[in-house]
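Reading through the structure tokens given below for one structure.
2 protein chains.
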Amino acid sequence: MTSPRKSPARKAAARKASLETTRKWRRRAQARPDELLDAALDEFIAKGFDSARVEDIARRASLSKGAVYLYFKSKEELLRALIEREVSPVLARVGEMARNAEDPRATLHLIGRTAGAAIAQPRFMAIPLLVISIANRFPELVDFYRGEVAMKAKSGVEALVKRGIKLGQFHKVDPHAAARALIGGILFEALWAHVLRGPTKIGAPGWLDSHIDLVLNGLEKR
Amino acid sequence: MTSPRKSPARKAAARKASLETTRKWRRRAQARPDELLDAALDEFIAKGFDSARVEDIARRASLSKGAVYLYFKSKEELLRALIEREVSPVLARVGEMARNAEDPRATLHLIGRTAGAAIAQPRFMAIPLLVISIANRFPELVDFYRGEVAMKAKSGVEALVKRGIKLGQFHKVDPHAAARALIGGILFEALWAHVLRGPTKIGAPGWLDSHIDLVLNGLEKR
DNA sequence: TGCAAATAAATGACCGGTCAGTTATATACG
DNA sequence: CGTATATAACTGACCGGTCATTTATTTGCA
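Sequence lines, in order, name chains A and B. For the first sequence, the working numbering begins at 1 and goes up steadily by one. For the second sequence, the working numbering begins at 223 and goes up steadily by one.
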């Protein structure tokens, strides 16, 4: 169909485009990838990665299944892009906080409050839970997550603890052990709330402060 | 041939009955369910519940695919039976230990050593990880797991803490918060080792003792 | 022989991914 | 402007293959 009678038209268009400093190609397409990732997250939460259907993801984003493949080359790629997108904002926050760690105790509480708010949201927790569920099948994704999120978060807390030790505020403990105790409590409450759906105060403000205080003060009287 | 009679539903009922009436001649049949559950666990670990193929489970148990359905009426039933089977031994241990809680500190370390050994094994951790990955789709299974495992383990630790408080050994803290700090650390190390595959000392003896000591003593100098 | 155990083959639903064709939008030009 | 043209964006039917579950058949043991 549409046999082109004019061949120089293409050349002219190309020249014009190169002269134009601002691109005119604009439509809904700019927003599509993000909309698709939002839809994918919802479907993955509801059904898990394997059982989530590409067609349902598409429908949720008001698109046809075929269109999904204009933006992502496979379902797995969709998962990868989703995780990468969700990871970056977390990083910015953690790194930022660990940097100005004047007072370790105060900074721990600050981080705690921020982390507590994030952890309380099901959509936030969905990513780590997704990582857990696909860990055995996509090792590269796990490596990425460990390197970009887990390692940096843990290192941040460890750095804080080391500083506290140097300042003489903390006992000379293994920084890894301290990070484990501090972060572990958050993990516990998050899994309790979002996976087991047990009774929890995770939504209430300050619940994490009490955890941090407990770890700082210790359980045992001396 | 013989008499087809067609009665597929009756097979399920006949299964239970045959297990009771058989005396000695059904040697293999007695062992089959357990062998299948072992095989299912391995496949679920490797592929996850959704991607695990019934045929692979059957082959791993040296059986044909069809034979699986002589013992379990569906793949989901296989999962349910597996979780139920793996859960009971854990319970026995935890309950037993919490009962004779003469000295809270010593008992915590005792539980810690046992839990530490269990947690270090990938096959043990596989069940909770499986529960996490199917939590949104099989809420009844989660309810079962919460009631039979999570709640009882947590209650056991809480009871121990309460006893410690009553004896004047521990500060008057929220027992839930204490359980969170104690169990959370185990959770953290387990996920770090088995999901993220990061560097860990989870295999080494006594790694959990250091965690418990840290929580008991506190991080901060006073 | 008779019956339970086990297998092999069949069935049918499901789904990721593809692609020829359609619609919407931007550009060219008179 | 209005019309022609180019192309970006999208659709939906379809294919190839997988896989849980069922049915038909064989095997082995008392």
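Heads up, the beta-carbon is just placed ideally off N, CA and C, and yes, glycines get one too.
At least one CB atom of chain B sits nearer than 8 Å to the CB of residue 188 of chain A. Among the CB atoms of chain A, one or more fall inside 8 Å of the CB of residue 420 of chain B. Closest in C-alpha terms to residue 199 of chain A, from the list B:369, B:410 and B:330, comes B:369.
The three-state reading of DSSP puts residue 102 of chain A in coil, since its state is none of H, G, I, E or B. A contact between stretches requires three or more CB pairs, one per stretch, nearer than 8 Å, and the region 372–383 of chain B fails this requirement with the region 145–160 of chain A. Among the residues of chain A, none has a CB under 9 Å from the CB of residue 260 of chain B; the nearest is roughly 18 Å distant. Around residue 115 of chain A, the same chain offers 186 and 208 as residues with beta carbons nearer than 8 Å, after the five sequence neighbours per side are excluded.
With fewer than 16 other CB atoms across the displayed protein chains lying within 10 angstroms of its CB, residue 205 of chain A is exposed. Under DSSP, residue 220 of chain A takes part in a beta bridge, and its partners are B:392. Cβ proximity to chain A below 9 Å picks out 273 from the region 273–289 of chain B. When CB distances to chain A are screened at a threshold of 7 Å, not a single residue of the region 293–315 of chain B falls below it. Contact between residue 277 of chain B and residue 287 of chain B is confirmed by a C-beta separation of about 5 Å, below the 8 Å threshold.
With its beta carbon less than 8 Å from one in chain A, residue 443 of chain B belongs to the interface.
Just so you know, the alpha carbons of residue 394 of chain B and residue 387 of chain B end up roughly 6 Å apart. Under the three-state reduction of DSSP, residue 316 of chain B is assigned to helix. Straight across, the Cα-Cα distance linking residue 149 of chain A with residue 285 of chain B is about 43 Å. With contacts defined by Cβ atoms closer than 8 Å, residue 142 of chain A and residue 418 of chain B form a contacting pair. Secondary structure of residue 199 of chain A (DSSP, three-state): coil. Restricting attention to alpha helix (DSSP H) runs no shorter than 4 residues, the region 107–155 of chain A encloses them at 122–134 and 139–145, ordered along the chain. The residue from A:184, A:134 and A:68 with its alpha-carbon nearest to that of residue 38 of chain A is A:68. In this structure, residue 45 of chain A sits away from residue 177 of chain A, with a CB-CB distance that is not shorter than 8 Å. Here residue 89 of chain A is exposed: its Cβ has fewer than 16 other Cβ atoms, across all protein chains shown, within 10 Å. Burial state of residue 122 of chain A is exposed, judged by a 10 Å Cβ sphere holding fewer than 16 other Cβ atoms. In this structure, residue 82 of chain A sits near residue 40 of chain A, with a CB-CB distance shorter than 8 Å.
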